[in-house]
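One structure is given below, encoded as structure tokens.
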Amino acid sequence: MAGGNCPETPRQKMIGMMYLFLTAMLALNVSAELLNAFILVDRSILQAKESVELKNEEMYRQFAEGALLNPRVEEFYQEALQVREKADFLVDYIQGIKILLVHTADGPNYTLENYKSKNNTSVVGQLLLSEPSGRRRSDTLKNHINDYRELLSSLVVGDTALISRINTNLSTADPEPRGGVQRSWEDEKFYYVPMAGSMAMLSQIQADVRNMEADVVRHLFMRVDEGTFRFNKIGPLVIPSSQHVMRGDTYRAEIMMAAYDDEFPPRVMFNGQELRTQDGRGILEIPASRLGDNSWQAEISIMGPEGWTTPHQVGGQFHVMEPNVVVSPTKMNVFYEGVENPVEISAPGVPSERLRVNISNATHTRRGNEYIVQPNAGSAGREAVVTVTTEINGRMQNLGSRNFRINRVPNPVAKVGGVSEGAIARQVLLAQMGIVADMENFDFDLTFRVTQFRVSTVQRGFMVDQRSSNNMFTEEQKDLIRAATRGQRIIIDDIRAVGPDGRTRNLSSITLTID
2 MAGGNCPETP
12 RQKMIGMMYL
22 FLTAMLALNV
32 SAELLNAFIL
42 VDRSILQAKE
52 SVELKNEEMY
62 RQFAEGALLN
72 PRVEEFYQEA
82 LQVREKADFL
92 VDYIQGIKIL
102 LVHTADGPNY
112 TLENYKSKNN
122 TSVVGQLLLS
132 EPSGRRRSDT
142 LKNHINDYRE
152 LLSSLVVGDT
162 ALISRINTNL
172 STADPEPRGG
182 VQRSWEDEKF
192 YYVPMAGSMA
202 MLSQIQADVR
212 NMEADVVRHL
222 FMRVDEGTFR
232 FNKIGPLVIP
242 SSQHVMRGDT
252 YRAEIMMAAY
262 DDEFPPRVMF
272 NGQELRTQDG
282 RGILEIPASR
292 LGDNSWQAEI
302 SIMGPEGWTT
312 PHQVGGQFHV
322 MEPNVVVSPT
332 KMNVFYEGVE
342 NPVEISAPGV
352 PSERLRVNIS
362 NATHTRRGNE
372 YIVQPNAGSA
382 GREAVVTVTT
392 EINGRMQNLG
402 SRNFRINRVP
412 NPVAKVGGVS
422 EGAIARQVLL
432 AQMGIVADME
442 NFDFDLTFRV
452 TQFRVSTVQR
462 GFMVDQRSSN
472 NMFTEEQKDL
482 IRAATRGQRI
492 IIDDIRAVGP
502 DGRTRNLSSI
512 TLTID
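Going letter by letter, the sequence shown gives residues 2 to 516 in our numbering.
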């Protein structure tokens with residue numbers, strides 16, 4: 002598992018600077034323009050917070066998957082869940098304060114999105130700095146922040162830089178005296194502050210809670226690797242019980258995922274010589290000059306926390322037989338028109354450079370140990386026959402052939418935010434850059450580029466649409482989405498995409514409902 006620090010983006014820095022500037026302006030005349038500026042900053046903070054929350058959920062998902070596969074991960078996963086529980090509680094508690102402010106100032110029919118009392122400077126102090134039940138809400142909030150800060154610091158002992166960021170972003174220390182007057186943290190935040198300013202302050206605390214949650218969970222990710230063998234890649238590994246199976250017998254093999262470090266590949270010794278490595282595997286090549294059963298022995302060692310490990314003995318057997326052609330499609334028993342189709346062609350006992358390959362209804366080129374097959378234009382629906390021959394004792398001998406179907410590449414599925422239909426939160430939809438063309442359940446790694454699409458919805462009883470001439474949402478399209486209300490349908494259609502073959506495809510439409 003791996004991770005790293007997540008520095009602030011330029012947008013997050015800009016929001017922070019605006020927040021500090023507007024907070025300082027509270028000491029001056031509170032104009033309507035300043036109050037509206039607070040509303041804009043509050044919205045920007047909330048959007049940034051929601052973006053971090055989505056990334057946090059992805060980290061928790063990866064953590065959960067790792068805990069299922071590796072018992073070592075479980076300890077750190079449980080600590081991450083403690084962070085999640087405390088962060089969720091603190092964010093929800095602050096959200097409750099914000100809702101209570103709105104209901105107290107304007108009544109229960111108003112929400113955080115449409116409240117009126119933006120310039121009310123008394124309701125915040127009344128609810129947070131008074132003591133109706135013996136304990137001020139501001140004191141309770143401060144204690145919750147302190148508890149959260151102490152929990153995070155206890156989980157990252159030794160990371161002084163991260164602890165410093167936690168203490169700075171979640172600080173509840175009283176400010177420096179000004180003019181000989183000492184004010185508390187609570188008074189500094191909530192005394193005689195317009196409600197719009199308080200909303201932005203509370204949203205900033207929520208955002209700081211989520212940002213520190215992300216940093217600490219990422220730190221726990223990194224700790225999983227401490228004191229262990231480092232592996233940065235994995236790949237499938239098949240270990241057959243035998244390479245030679247008689248008709249009527251059963252082929253048996255062990256299948257597993259093997260982990261390796263491509264920066265420090267293993268050291269494999271065979272007959273006193275170090276073998277070359279590729280993708281974490283030693284490449285053993287033994288000329289098959291003797292028919293029948295053959296065996297071999299080698300030694301392998303890997304780089305561990307304290308250097309190279311003691312070599313481990315490894316060995317195997319293989320069976321040499323007379324030539325027989327083997328044609329193995331890398332993907333499946335199908336060639337796709339307009340796509341480079343990799344095929345492995347070999348014949349036991351015949352060097353690959355001596356093979357002669359002919360393929361009907363297609364062209365082919367050799368690339369390393371594979372053949373890249375490209376069906377002819379318009380050949381979809383036909384068959385390609387792969388025929389392999391070689392020269393033996395001065396005469397060409399047919400080693401065999403194999404038939405492949407030629408199919409057309411299927412259309413990709415248009416998606417936004419990973420979905421092609423159903424309910425979606427407006428802010429989640431607005432956070433997306435545009436439309437992607439996803440090759441669902443397709444074996445080849447192909448990329449289709451969306452070249453145009455249309456966004457339609459109903460406004461004031463009329464169907465309104467806006468077009469984009471690429472794969473990105475335009476500002477006009479985003480305005481349609483921003484104006485959509487819960488339950489309103491957003492239709493994205495007339496979607497066109499271009500594939501690797503340069504041909505334009507018409508993709509199915511996307512129907513979304515604002516949740």
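Ideal placement from N, C-alpha and C gives every residue a C-beta, glycine not left out.
Beta carbon of residue i, beta carbon of residue j: below 8 Å?
i, j, result
"residue 56", "residue 200", "no"
"residue 465", "residue 481", "yes"
"residue 194", "residue 157", "no"
"residue 357", "residue 391", "yes"
"residue 428", "residue 54", "no"
"residue 137", "residue 129", "yes"
"residue 362", "residue 376", "yes"
"residue 191", "residue 139", "yes"
"residue 454", "residue 496", "yes"
"residue 492", "residue 470", "no"
Could you give the distance in angstroms between the alpha-carbon of residue i and the alpha-carbon of residue j?
i, j, result
"residue 300", "residue 72", "30 Å"
"residue 88", "residue 345", "53 Å"
"residue 378", "residue 447", "18 Å"
"residue 404", "residue 354", "22 Å"
"residue 116", "residue 44", "14 Å"
"residue 86", "residue 46", "22 Å"
"residue 318", "residue 343", "29 Å"
"residue 159", "residue 172", "19 Å"
"residue 174", "residue 461", "51 Å"
"residue 113", "residue 515", "18 Å"
"residue 123", "residue 196", "8 Å"
"residue 111", "residue 69", "45 Å"
"residue 441", "residue 49", "30 Å"
"residue 103", "residue 445", "54 Å"
"residue 25", "residue 434", "In this prediction, residue 25 scores a pLDDT of 48, lower than 50, which makes its location untrustworthy; the coordinate-derived value is nonetheless stated afterwards. Going by the C-alpha atoms only, they are around 34 Å apart."
"residue 384", "residue 373", "16 Å"
"residue 513", "residue 486", "12 Å"
"residue 131", "residue 151", "27 Å"
"residue 417", "residue 225", "34 Å"
Using the beta-carbon count (16 or more within 10 Å), is residue i buried or exposed?
i, result
"residue 424", "exposed"
"residue 288", "exposed"
"residue 182", "exposed"
"residue 209", "buried"
"residue 178", "exposed"
"residue 473", "exposed"
"residue 517", "Past the edges of the chain, shown from 2 to 516, lies residue 517, and the structure says nothing about it."
"residue 426", "exposed"
"residue 79", "exposed"
"residue 165", "exposed"
"residue 214", "buried"
"residue 212", "buried"
DSSP three-state label for residue i, please.
i, result
"residue 340", "coil"
"residue 167", "helix"
"residue 117", "coil"
"residue 285", "coil"
"residue 438", "strand"
"residue 363", "strand"
"residue 141", "helix"
"residue 179", "strand"
"residue 245", "Low per-residue confidence applies at residue 245: pLDDT is 47, beneath 50, and the placement is therefore not dependable enough to give any value."
"residue 89", "helix"
"residue 97", "helix"
"residue 280", "coil"
"residue 347", "strand"
"residue 46", "helix"
"residue 162", "helix"
"residue 457", "strand"
"residue 72", "helix"
"residue 443", "coil"
"residue 390", "strand"
"residue 26", "Only weak support is given to the placement of residue 26: the predicted model assigns it a pLDDT of 49, under 50, and the question is left unresolved by the model."
"residue 64", "helix"
If you compare alpha carbons, which of the options is closest to residue i?
i, options, result
"residue 284", "295, 296, 267", "267"
"residue 149", "382, 161, 170", "170"
"residue 508", "63, 376, 412", "412"
"residue 91", "415, 294, 204", "204"
"residue 479", "188, 82, 458", "458"
"residue 370", "348, 483, 364, 388", "348"
"residue 303", "441, 270, 397, 84", "270"
"residue 381", "339, 373, 421", "339"
"residue 120", "161, 66, 40", "40"
Please tell me whether residue i has its Cβ less than 8 Å away from any Cβ of chain C.
i, result
"residue 119", "The chain labelled as chain C is not found in the depicted structure, where only one protein chain is given."
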